[in-house]
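Chemist: Okay, handing you the structure first.
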Amino acid sequence: MKRLARLIARLYPAAWRHRYGQELEALIEDSKPSLPWLLDILIGALTMQIKSNGLRIALFGIAGAIVAASTLAINDYYVCSAVLNVRDANAVSTAIQQALSRRSLWRIIEKNGLYESDRNRIPNEDITEKFRHSILIKSLQNQQAITVSYHGPDRVIAKAVTEDLAQLFLNDNSNIIGLPEISLPQRRAGHKRAGILFTGLCAGMAAGVCYVPIMNRRRAT
Amino acid sequence: MSDPTVLVLASLAEGDKHGYAMMEDIERFAAVRLGPGTLYGAITRMEERGWIRPVKTKDRRQPYTLTAAGKTRLAGELSALQQVVKTGLGRLKQA
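Taken in sequence, the protein lines are chains V and H.
What the first sequence shows, in my numbering, is residues 3 to 223, in sequence order.
What the second sequence shows, in my numbering, is residues 36 to 130, in sequence order.
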């Protein structure tokens, strides 16, 4: 554990180690190491790094947050749901099987112009499978209702597709009754934006803490 | 009472000490175990502010001594603390 402590102590800035490094090593030799004790050295090293190279580490952090934000922009999507009431709970699984058949789904894909850029490259079966992964069907209230949800990058198309999916259940099964209105999804869903940005910021700062000392060393040689 | 600055200053008020001796002394009189990172963070700050300075030695264990500015700082901190203790104890008696 003392060896690990000495390794962590190397995370201190070079200038600081030049002045206090030997003393800290002597202290590590004299002390009884423990996990909180190692953590204390790590926090001390990071604090000193931020104190000495704060601006550059902050820039790394901002860059990390920007990268995280751009990921959000690429992967954002809208979720639209329809609630359907069920008269006979036993009919639900059959209804789901019928509604999610390859033929039914392909009709919706063609009608709404989904995956147009993929259609020339990927077999139809794979596109249907991809579409199936964008659909979520859940039973509610002891199978007295089901929700049919679809997520996609365009909110108008998401609504149209959800309506078509709901219609599949209504057309094929008299035991399922639809609620009349499906509203346009207003908010993008699926990501904890603040969490992703914070993670990006922390990852960027961590990269800065590791990389800035290397940059400094290269400059010095 | 866990402010490492005051604890280190109070430890050095007794006499010159190196890092490990300070840690042991502080644990004895304040029942606080300072980690090496916390201790050396405080030492760095206090040396920058001129409250302590290193004593010449050939040993790897570097002793530190309290400067006049350090003594003034410690006196100020302890007097403020004394005021808090006095007020707190007085209010506790009335409660």
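We treat Cβ as the ideally placed atom computed from N, Cα and C, and that holds for glycine.
Indicate the three-state DSSP secondary structure (helix, strand or coil) for V/Gln154 in the structure shown.
Modeler: A small fix is needed here, since residue 154 of chain V is Gly in this sequence, not Gln. Here V/Gly154 sits in strand by DSSP.
Chemist: Using the Cβ count rule (16 or more neighbours within 10 Å means buried), how would you classify V/His135?
Modeler: V/His135 is exposed by the Cβ-count criterion.
Chemist: For V/Glu127 and V/Cys204, I'd like the C-alpha separation in whole angstroms.
Modeler: So the two alpha carbons sit approximately 41 Å from each other.
Chemist: Does the distance from the CB of V/Val69 to the CB of V/Gly202 come in under 8 Å?
Modeler: Result yes, Cβ atoms of V/Val69 and V/Gly202 sit closer than 8 Å.
Chemist: Among H/His53, H/Glu62, H/Ala103, H/Asp60, which residue has its Cα nearest to the Cα of H/Trp86?
Modeler: When only C-alpha atoms are compared, the closest one is H/Ala103.
Chemist: Return helix, strand or coil for V/Val85, following the three-state DSSP convention.
Modeler: Residue state, collapsed to three classes: strand.
Chemist: Nearer than 7 Å: is that true of the beta carbon of V/Ala11 relative to any heavy atom of the ligand COA?
Modeler: As far as ligands go, the structure on display features none, and thus does not contain the ligand COA.
Chemist: Determine, using beta carbons only, whether V/Ile45 comes closer than 8 Å to chain H.
Modeler: Yes, because at least one Cβ of chain H sits closer than 8 Å to the Cβ of V/Ile45.
Chemist: Can you pull out the residues from the segment 97-117 of chain H whose beta carbon lies closer than 8 Å to at least one beta carbon of chain V?
Modeler: Those would be Gln97, in chain order.
Chemist: Which of helix, strand or coil does DSSP assign to V/Ala17?
Modeler: Three-state result, V/Ala17: helix.
Chemist: Using 8 Å as the Cβ pair cut-off and three pairs as the minimum, do the segment 28-35 of chain V and the segment 62-69 of chain H touch?
Modeler: They do not touch, by the three-pair rule.
Chemist: Going along chain H in order, which residues have a C-beta closer than 9 Å to the C-beta of V/Ala28?
Modeler: His53, Gly54, Tyr55, Asp94, Arg95, Arg96, Gln97, listed in chain order.
Chemist: My output table needs one value for V/Ile98: the three-state DSSP class, helix, strand or coil.
Modeler: Three-state DSSP puts V/Ile98 in a helix.
Chemist: Let's see if you can read the secondary structure: which residues bound the beta strand (DSSP E) around H/Tyr75?
Modeler: Element bounds for H/Tyr75: not the beta strand (DSSP E) but the alpha helix (DSSP H), 71-83.
Chemist: From the beta carbon of H/Thr40, is the nearest beta carbon of chain V less than 8 Å away?
Modeler: No, H/Thr40 does not count as interfacial toward chain V.
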